[in-house]
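Residue numbers (our numbering), protein chains in the order written: chain A, 5 to 359; chain B, -1 to 299.
Working notes for the structure below.
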Amino acid sequence: MSGVELKSVRKNYGAVEVIKGVDLTVRDREFVVFVGPSGCGKSTLLRMIAGLEEITVGDLLIDGARMNDVSPDARGLAMVFQSYALYPHMTVAGNMGFALMLAGVPKAERDLKVRQAAKILQLEALLDRKPGQLSGGQRQRVAIGRAIVREPKVFLFDEPLSNLDAALRVQMRVELAKLHRDLNATMIYVTHDQVEAMTMADRILVLRAGIVEQVGSPLDLYNKPANTFVAGFIGSPKMNLVGASVSRRDGQTFAFLDGGQRLPIGDVSLKDGAGITLGLRPEALLLSAGGAARGEVSVIEHLGGETLVYVDIGKGQLLTIKTGDQQPARVGDIVPISFDPSRLHLFGPDGQALN
Amino acid sequence: MENATAMSSLPTGSWFKPTRTVRAWPLMAPAVGLLLIWAIVPLALTLWYSFQGYNLLSPPATFVGLENYYFLLTDPDLPRVVWNTLVLVLVPLVVTVTAGVLLAVLYDGPFFGRGIARLLVIAPFFVMPTVSALIWKNLLMHPVYGLFAWLSRSFGMQPIDWFTNHPMTAIIIIISWQWIPFATLILLTAMQSLDREQLEAARMDGAGATTSFIFITLPHLARPVAVVVMLETIFFLAIYAEILVTTVGGPGVITTNIPFYIYSRGLLGYDVGVASAGGIFAIIVANIVAFFFVRAIARQL
Ligand SMILES: Nc1ncnc2c1ncn2[C@@H]1O[C@H](COP(=O)(O)OP(=O)(O)O)[C@@H](O)[C@H]1O
Ligand SMILES: [Mg+2]
């Protein structure tokens, strides 16, 4: 059992509150991703778990034991830093075996463990090199190897892939997911990239300005975003968020779009004239007749497998529509837009999801 | 690349081979020539006078062969002088580098009044050697009026007469005081380029303050320490003002190093010939020291 529990954890730097009360239970062997825009406090939260930052208020429990005042090395964690933070004067083997050496593990046993970890990460040929003689991807592996060797209860990663090029990032993403399965370890992973979060996580915690916006599985977050922030943050291309106001006529409820068009929506418990936001994913929109709205095609992006059509629905409001069709329309065409009403997200005046 | 293309367009077997050196030397000649004259003329003059019997009190100079060298090398003071020179290089080196490392690590962390503290630790470097030696001699180490003497007396102890009883130690203290700022400055700058995440990683690996100092900070400082050692060696081999102002090489030759020995032969004894031979000898000693140090250090750089 290697669970991590955060109980209304807060962090202040002087008068500035950076983490504003986070509650979370990371279950044994779970892969949890903290995601959010830059500066929202992800690293701070991770470093509080690691013991590199003090917890101002609240409790941190690992395996049920309170860890607030336990030193970082005694918490049974290993961390992979964004800069890798390899020791430049030691060889790869030295880097990976450093913690064991400090713990007084005999050399033979140490070498064995280092070699085992090196084998998992295909680093065997590089054990005698210094970090300066390695490529970015290899350094990344060494940093992970250094964590593996310690056999921690929980792995912590702080944006470990952000210094790699796009191709390597995809490859390492897959390898990390595989590593998680092979090691059967609990992992907490920080990233600003929602694709990384969606592809690797068992559960995602979305953080904004020190506040938890939503916690849930990737598909939960995709299908039922709790508010406009999560709706806009998760999913690529971004969900279309269109401002509208509620209006009722003949027992039917409509949303009057800011662009001037009118869409029927299910009943909502809001007064007439209340401002709401409609959320529609690009992949939920269709360019087909019988549609609720229409607009003028202003840009088309061909990605090969998919095509992104940007449609102006009035007053410069652009809707992104994703389709598999390679030639769905031409720029300047007036096109009808339709969607499955069950895939419409409605958000109230406060940005929280209705329903 | 351009040379290569230019060459291939020439008829093969041509006597004219356009190389970089051929085209560049007329442009480099003035600079190289000036530097050469700059270095060679004093050296040649010293070498010339070292073979002359030339006392300022009884000119003119006459050729005496190796007599000056014979005098120099059989001078019973010489071993002591060479020893003093080495001591005045090595001991201040150890003191300044050790203190510099400790101060750099200390001043790197955040604390109240750090800006002022940093300025103060650098300050001795701005004091001229003669002035600082005078301050130490008259205000601090003077057996009657000095601050140290006053301190000793207020604790009921006998004041130390530094320049009579511990002259080498006194000079080493003065030199170290002047050069600790230099070491601190360079090492403090180096500390600022130490990756904080490395220290944090070490902390997570179970390293305490001492362990991460030994395994992370010290290796990081190895290069700047090498630079400090190299530069300070050059200056310490030529220490002169501090001795002149305080002990004048004495008592006896207890605090005379090679530069001061040359001065005392040349300008106190008026014997230009022996002084010049001493100069040549100093160059040889400096080269031997440089050979060992620079070779050890160049590997670091
Ligand atoms: N040592 C510090 N002192 C004051 N503010 C800090 C400190 N470290 C981080 N912050 C602030 O805390 C916020 C969160 O930082 P961080 O956790 O690094 O964000 P990110 O989500 O990008 O990792 C930022 O606004 C940052 O300016
Ligand atoms: Mg960060």
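Cβ atoms here follow ideal geometry from the backbone N, Cα and C, with glycine treated the same way.
None of these values were measured; they are calculated from a predicted model.
Excluding the 5 residues preceding and the 5 following Ala115(B) in the sequence, name in chain order all residues of the same chain whose CB lies nearer than 7 Å to its CB. The residues are Tyr105.
For ligand 3, which residues have a Cβ under 5 Å from at least one heavy atom, in chain order? Looking for ligand 3 in the displayed structure turns up nothing; the ligands present are ligand 1 and ligand 2.
Give me the Cα-Cα distance between Thr232(A) and Ser292(A), rounded to the nearest whole angstrom. Cα to Cα, Thr232(A) sits roughly 27 Å from Ser292(A).
Closest to Val270(B) by CA distance: which of Trp134(B), Ala59(B), Thr231(B), Ile232(B) is it? Of the listed residues, the one whose Cα sits closest to Val270(B) is Ala59(B).
Would you verify that the beta carbon of His93(A) is, or is not, closer than 9 Å to some beta carbon of chain B? For His93(A), the answer is yes, since a Cβ of chain B falls inside 9 Å of its Cβ.
Using only the alpha-carbon positions, how far apart do Phe234(B) and Leu138(A) sit? Approximately 41 Å, taken between the alpha carbons.
Three-state secondary structure (DSSP) of Ser6(A): Of the three classes helix, strand and coil, the one that applies to Ser6(A) here is coil, per DSSP.
Could one say the Cβ of Asp269(B) lies closer than 9 Å to chain A's Cβ atoms, at least one of them? The beta carbon of Asp269(B) does not come within 9 Å of any beta carbon belonging to chain A, so the residue lies off that interface.
Rounded C-alpha distance that separates Asn72(A) from Leu65(A): Whole-angstrom Cα-Cα distance: 8 Å.
Taking 8 Å as the cut-off, does the CB of Glu163(A) come closer than this to any heavy atom belonging to ligand 2? Ligand 2 approaches Glu163(A) closely enough that one of its heavy atoms is under 8 Å from the residue's Cβ.
Could you say if the region 240 to 256 of chain B and the region 155 to 172 of chain B meet the contact criterion of at least three C-beta pairs nearer than 8 Å? Judged by pairs of C-beta atoms under 8 Å, the region 240 to 256 of chain B touches the region 155 to 172 of chain B, as three or more such pairs exist.
Could you tell me which whole beta strand (DSSP E) segments of length 3 or greater appear in the region 111 to 165 of chain B? You should have found no qualifying run.
Which residues in chain A have a C-beta closer than 7 Å to the C-beta of Thr209(B)? List them in chain order. Residues of chain A whose Cβ lies closer than 7 Å to the Cβ of Thr209(B) are, in chain order, Leu106.
Arg33(A) in three-state terms, based on DSSP: Taken through DSSP and simplified to helix, strand or coil, Arg33(A) comes out as coil.
Asn244(A) classed as buried or exposed, judged by whether at least 16 other C-beta atoms fall within 10 angstroms: Counting of Cβ neighbours within 10 angstroms places Asn244(A) among the buried residues, the total reaching 16 or more.
Kindly indicate the opening and closing residues of the alpha helix (DSSP H) around Ser47(A). 46 to 54 is the extent of the alpha helix (DSSP H) around Ser47(A).
When we look at the beta-carbon of Asn66(B) and count the other beta-carbons within 10 Å, is it buried (16 or more) or exposed? Asn66(B) is buried by the Cβ-count criterion.
What does Met83(A) reach in chain B if we use C-beta pairs closer than 9 Å? Contact of Met83(A) with chain B by beta-carbon distance below 9 Å involves Glu198, Ala199, Met202.
Nearest-angstrom Cα distance between Val39(B) and Pro257(B)? Their Cα atoms are separated by approximately 19 Å.
With DSSP as the reference, label Asn16(A) as helix, strand or coil. In the three-state reduction of the DSSP assignment, Asn16(A) falls in the strand class.
Using the beta-carbon count (16 or more within 10 Å), is His306(A) buried or exposed? Looking at its Cβ environment, which holds fewer than 16 other Cβ atoms inside 10 Å, His306(A) is exposed.
Look up Gly299(A) in the DSSP assignment and give the residues it is bridged to. In the DSSP assignment, the residues bridged to Gly299(A) are Val339(A).
Between the C-alpha atoms of Ser7(B) and Ala22(B), what's the straight-line distance to the nearest angstrom? With a pLDDT of 44 at Ser7(B), under the threshold of 50, the predicted position of this residue should be treated as unreliable, and no value is reported.
DSSP has Ala248(A) in a bridge; who is on the other side? Per DSSP, Leu261(A), Ile280(A).
What does DSSP give as the partner residue(s) for Glu305(A) in the beta ladder? According to the DSSP secondary-structure assignment, Glu305(A) is paired through a beta bridge with Leu312(A).
Proximity test, Gln175(A) beta-carbon vs ligand 2 heavy atom, cut-off 8 Å: Checking the Cβ of Gln175(A) against ligand 2 gives no.
For Glu0(B), which residues from the same chain have a beta carbon less than 7 Å from its beta carbon, with the 5 sequence-adjacent residues on both sides left out? In this prediction, Glu0(B) has a pLDDT of 40, which is less than 50 and means its spatial position is unreliable; nothing more can be read from the coordinates.
Ligand 2 heavy atoms versus the CB of Met194(A): any closer than 8 Å? A small correction: the amino acid at residue 194(A) is Val; Met does not occupy that position in the sequence shown. Val194(A) Cβ: within cutoff of ligand 2.
Give the straight-line distance between the Cα atoms of Ala343(A) and Gly45(A), rounded to the nearest whole angstrom. Checking the sequence, you will find Phe at residue 343(A) rather than Ala. Roughly 37 Å separates the two Cα atoms.
Could one say the Cβ of Ala288(B) lies closer than 9 Å to chain A's Cβ atoms, at least one of them? For Ala288(B), the answer is no, since every Cβ of chain A falls outside 9 Å of its Cβ.
Confirm the yes/no value for this check: CB of Gln198(A), any heavy atom of ligand 2, distance under 8 Å. Distances between the C-beta of Gln198(A) and the heavy atoms of ligand 2 are all 8 Å or more.
CA-to-CA distance, Gln142(A) to Ala2(B), given in whole angstroms: Unreliable placement is indicated for Ala2(B), whose pLDDT of 41 sits below 50; the coordinate value is still reported in the next sentence. When only Cα atoms are considered, Ala2(B) and Gln142(A) end up about 38 Å apart.
Three-state secondary structure (DSSP) at Pro179(B)? Here Pro179(B) sits in helix by DSSP.
Mind pulling the chain A residues with CB within less than 7 Å of Glu195(B)? Within chain A, the residues placing a beta-carbon under 7 Å from that of Glu195(B) are Phe85, Ser87, Ala89, ordered along the chain.
Kindly list, in the order they appear in chain A, the residues whose Cβ is closer than 7 Å to that of Ala205(B). What Ala205(B) touches in chain A: Leu106.
Out of curiosity, what's the CA-to-CA distance linking Leu358(A) and Val303(A)? If you draw a straight line from the Cα of Leu358(A) to the Cα of Val303(A), it comes to about 32 Å.
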